[in-house]
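Quick notes on the structure that follows.
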Amino acid sequence: MNDELRAPIAFAIMGILLAIVGFTQSWSVSLSVINLCIISSIMAIGVNLQWGYGGLFNAGVMGFTALGGLTAVLVSHDPIYEAWDKAGVGIVISAIIFVLSITSLLFVFRNIENKQIRKTLIILIIVFGLIGINNFYGPSIDIIESINPAKTGFLGGLGLPIIFSWLIAAVVAGLVAWVIGKITLRLRSDYLAIATLGISEIVIAVVKHEDWLSRGVKNVSGLDRPVPYEIELQQSEWFLNLVERINFSKLEAIQSLSSRQDLLNDLVIDSSGIFVKLCYAGLFFSVLLLIFYLSQLALNSPWGRMLRAIKDNEEAASAMGKNIFAQHLQIFIIGSAIIGIAGAMLTTLDGQFTPGSYRPLRFTFIIWLMVIIGGSGNNLGSIFGGFFIWFIWIEAEPLSIGFMNMLAGGLEYDNPLRMHLLGSAAHLRLFIMGLLLLLALRFMPKGVIPEKIQKK
Amino acid sequence: MEDFEFINAMVLLANFVIVPALSYGSQLALATLSLTIIYGVLRFSNFAQADWMSFGTMATILFTWLFQSAGISAGILPTALLALPFAIIVTALFCLLIDRSVYSFYRKQKSQPIVLMIVSVGVMFILQAVVRFIIGPNDRKFFDGEKYIVHALDFKNYFGLEEGLTIKSTQLITVVVALVAMISLFYFLQKTKLGKSMRAYSNNEDLALLSGINPEKIVIVTWIISSILITTAGVLYGLDKSFKPFTYFNLLLPMFAAAIVGGIGSPIGAVIGGYVIAFSEITLTYAYKKFFVYLLPESLEPSGLMQVLSTDYKFAISFIILVIVLIVRPTGIVRGKII
């Protein structure tokens, strides 16, 4: 097939698939899938920048997503003044002790040559740091967590509109990526994968168990929204008029006034849900376009050419005087920042932050599938991969149940084998994902929309 | 009983720290060894290894059920030990099938290690689906036989101490089986011809091929050894605690940490790494309050729990150690050399 045509055909097929869901299930379902597809695409672009352009295997996507989600909470939730009054000082002091210990540790590492003195100093710093933090930290978090634990029990956030968190999430994820990159990017590629996998687990452990920060597994719900609420829409004049005008012919056909009113009410409720989802889709899509545009711009600049040169041949690029480590660090930070944005967007869409829901399969490895199947090294491919794989992930469940029903067709209703088959239908989608990845790697290693090789 | 304070403190420590860490460390060491063998010979980090562990354990559980329904038991020992050899055969066969159908293609292409690693992610998905499909995602206990060797209450009464020591039979079985497995592995690698050729292949592939070593044979032997180690590790872990696919998947992280901490590619390092990770996980999350209450005079008794890190961070610990090792000594404890 002509390479130029691959992308349009792929996206056309994707559009048709989504339209089929719209017609057969409902447009509301189709729109929810699209919203998550867009977020997945953004994550995939982040991973693609790191892997497709930088050659870095980041297995910590889940961690950066969770950081984005945490940022959304910390930016948008109202501050809990009572908690700050009673225990803010303790938390701030322990934070200062923590930062001081880390910086002095780094200082000792860098500047003290004598091994004996270095060792003693390190042990002293760690012991005093731990004692200091324990003295302030423990009591303060007990106070914070005891303030209205059923509803808050944490410090709250800044009380800003949640949309700001998308930007701040990029900064937070980027900063964390900087620290991680400093430690791991000098190592071999698979060490980076394992180290990032581990660090993402640490991030999850922190958001799960530090209740004073994120309420932990008690979740934070009822987050601020960047779009109107359904109930507001249903009560506003202009929206009612809009729905009436769109469905004019449908309403005209009904004679009795009361049933016409009933239909209108139903339509308004349905449309308000769809309207909200459309608003989200519009917001997300503009972010996706912006990120796509900016990354294309960057990759076609001299900087992007240098990245490709490094990826093609590290030694040659190094001999030309390019600093490989610094470039890797840059692309690692940029990619992680994009994943952080997507994480904040996801939490915004959910309206809640649920640390328990972050699982590596869903948030790391599925994203990898998107990049590899879409075509690593091509951002358009990642967008397609994001849409396609998320669509399969969502639709695999009803399809597997259907498949299992077919398998168990001849069996009686309470036959144990039938019960087992239907009960395990949900696991079939893991199988589908694994099979897709293996097939793609074997028969289409460059992905659906392959990387463009530029010849000039 | 003032004089026994010290003994009480030690028994307490043995009961809650040393015995559990020793058995968890042995399980981890075996699992890490299998990861290391794959890494050393086939040269990639196998992300599917933890799921091979659940697969092997699942096979063992199925055979255990079969034996139990046929009325076969091992007396005071768990039936699972009888089922283990059969499960190893099944696991090894499935490993070889996957190798034939998936990995061998990339080996022939001489793909980069990172590609094989991504392939192993695909295998991981498929194995997770297979295990969950056959046995379900829930917690399963498959231990039978005699539960305790030393019971806390008997221990207390016998020695007249305040603290009791419990040794579960699974803990003793774990340590014994792990020791046997490790000794036979090292004997195999160092003394037998096949083991030596495996080391030669791992050290320098081209040179090994020149001296007439059959690479296909080495690959097959590698998968078989890996299956033996990983199934044994999984069964021991499952007997000691319980079997749940998601818990087993989470063991991937400590396994990798142990491999790198010990020095990736080195079997001795894998064993050391396994024990280091296990001991640090348990020693750093244990609350030492009672221990110090025994040891210190009343005026100095601690008020807090005397816990370095809360148990919530058990999994994080292996990574904190990993990160420290990566910064301080990236080659690991035993300087990573190939097998």
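Here the protein sequences come in this chain order: A and B.
Reading the first sequence from the start, the letters are residues 423 to 878 in the working numbering.
Reading the second sequence from the start, the letters are residues 59 to 397 in the working numbering.
Virtual Cβ for every residue (Gly too), placed ideally from N, Cα, C.
{"Item": "Between Q186 of chain B and chain E, is any beta-carbon pair separated by less than 9 Å?", "Value": "The structure shown contains no chain E; its protein chains are A and B."}
{"Item": "Report buried or exposed for A862 of chain A, applying the criterion of at least 16 other Cβ atoms within 10 angstroms of its Cβ.", "Value": "buried"}
{"Item": "Hey, how far is the Cα of R165 of chain B from the Cα of V177 of chain B?", "Value": "12 Å"}
{"Item": "Go ahead and label D646 of chain A buried or exposed: buried means 16 or more other beta carbons lie within 10 angstroms of its beta carbon, across all protein chains shown.", "Value": "buried"}
{"Item": "In terms of residue numbering, what span does the beta strand (DSSP E) encompassing V208 of chain B cover?", "Value": "Y206 to V208"}
{"Item": "Taking Cβ positions only, does I378 of chain B come closer than 9 Å to chain A?", "Value": "yes"}
{"Item": "Around the Cβ of L729 of chain A, are there at least 16 other Cβ atoms within 10 angstroms (buried) or fewer (exposed)?", "Value": "buried"}
{"Item": "Below 8 Å, how does it come out for the stretch 711 to 724 of chain A and the stretch 462 to 473 of chain A: are there three or more Cβ pairs, yes or no?", "Value": "yes"}
{"Item": "Tell me the rounded alpha-carbon separation between I330 of chain B and I518 of chain A.", "Value": "36 Å"}
{"Item": "Tell me which residue opens and which closes the alpha helix (DSSP H) that P430 of chain A is part of.", "Value": "D425 to T446"}
{"Item": "Note down, in chain order, each residue of its chain lying with its Cβ closer than 6 Å to the Cβ of T574 of chain A, except the 5 sequence neighbours on either side.", "Value": "I502"}
{"Item": "Can you tell me which of the three DSSP states I396 of chain B falls into?", "Value": "Low per-residue confidence applies at I396 of chain B: pLDDT is 49, beneath 50, and the placement is therefore not dependable, though the value from the model is reported in the following sentence. Here I396 of chain B sits in coil by DSSP."}
{"Item": "Does any C-beta atom of chain B lie closer than 9 Å to the C-beta of M866 of chain A?", "Value": "no"}
{"Item": "Closer than 8 Å by beta-carbon distance: list the chain A residues that pair up with V181 of chain B, in chain order.", "Value": "G856 and L860"}
{"Item": "Pull up the DSSP beta-bridge partners for L135 of chain B, would you.", "Value": "B:A132"}
{"Item": "Taking Cβ positions, are G579 of chain A and V443 of chain A nearer each other than 9 Å?", "Value": "no"}
{"Item": "Let's see if you can read the secondary structure: which residues bound the alpha helix (DSSP H) around M742 of chain A?", "Value": "Counting along the chain, M742 of chain A falls outside any alpha helix (DSSP H), and DSSP gives it neither H nor E."}
{"Item": "Chain A beta carbons: is any one of them nearer than 9 Å to that of A381 of chain B?", "Value": "Here the sequence assigns Val to residue 381 of chain B, which means Ala is not the residue at that position. With 9 Å as the cut-off, V381 of chain B counts as an interface residue toward chain A."}
{"Item": "Run through chain A and tell me which residues come within less than 7 Å of L311 of chain B, C-beta to C-beta.", "Value": "L619, G620 and E623"}
{"Item": "How many whole angstroms separate the CB atoms of Y97 of chain B and G323 of chain B, which I take to be in contact at a CB cut-off of 8 Å?", "Value": "6 Å"}
{"Item": "Would you list, in chain order, the members of the stretch 773 to 793 of chain A that have their beta-carbon closer than 9 Å to a beta-carbon of chain B?", "Value": "R781, P782, L783, F787, W790 and L791"}
{"Item": "Check the Cβ of V160 of chain B against every Cβ in chain A and list those closer than 7 Å, keeping chain order.", "Value": "L860"}
{"Item": "Cβ atoms of I326 of chain B and L384 of chain B: under 9 Å apart, would you say?", "Value": "no"}
{"Item": "For D612 of chain A, which residues in chain B fall below 8 Å Cβ to Cβ?", "Value": "F102, S103, P171, I172 and M175"}
{"Item": "Could you work out which residue in A:F706, A:I713 and A:I763 is closest to L453 of chain A when comparing CA atoms only?", "Value": "A:F706"}
{"Item": "Return the first residue and the last residue of the alpha helix (DSSP H) that V665 of chain A is part of.", "Value": "E659 to I668"}
{"Item": "Going by DSSP in three states, V642 of chain A sits in which element: helix, strand or coil?", "Value": "strand"}
{"Item": "Could I get the ranges of all uninterrupted beta strand (DSSP E) runs contained in the stretch 317 to 352 of chain B, with 3 residues as the minimum, in chain order?", "Value": "none"}
{"Item": "Could you name the residues of the same chain whose beta carbon sits closer than 7 Å to that of Q126 of chain B, not counting the 5 residues immediately before and after it, in chain order?", "Value": "T137"}
{"Item": "In chain A, what lies closer than 9 Å to Y371 of chain B by C-beta?", "Value": "I624, A627, V628 and H631"}
{"Item": "Considering only their Cβ atoms, is the gap separating Y475 of chain A from I513 of chain A smaller than 9 Å?", "Value": "no"}
{"Item": "Identify each residue in the stretch 534 to 566 of chain A for which the Cβ-Cβ distance to at least one residue of chain B is less than 9 Å, and report them in chain order.", "Value": "L552, N556 and G560"}
{"Item": "Can you tell me where the alpha helix (DSSP H) with W725 of chain A in it begins and where it stops?", "Value": "P724 to D734"}
{"Item": "Can you give me, in chain order, the residues of the stretch 651 to 663 of chain A that have a beta carbon less than 9 Å from any beta carbon in chain B?", "Value": "none"}
{"Item": "Can you give me the Cβ contacts of I621 of chain A inside the same chain, cut-off strictly under 7 Å, excluding the 5 residues immediately before and after it?", "Value": "G482, G485 and I602"}
{"Item": "What does F152 of chain B reach in chain A if we use C-beta pairs closer than 9 Å?", "Value": "Correct list: empty, because the minimum Cβ distance to chain A is about 14 Å."}
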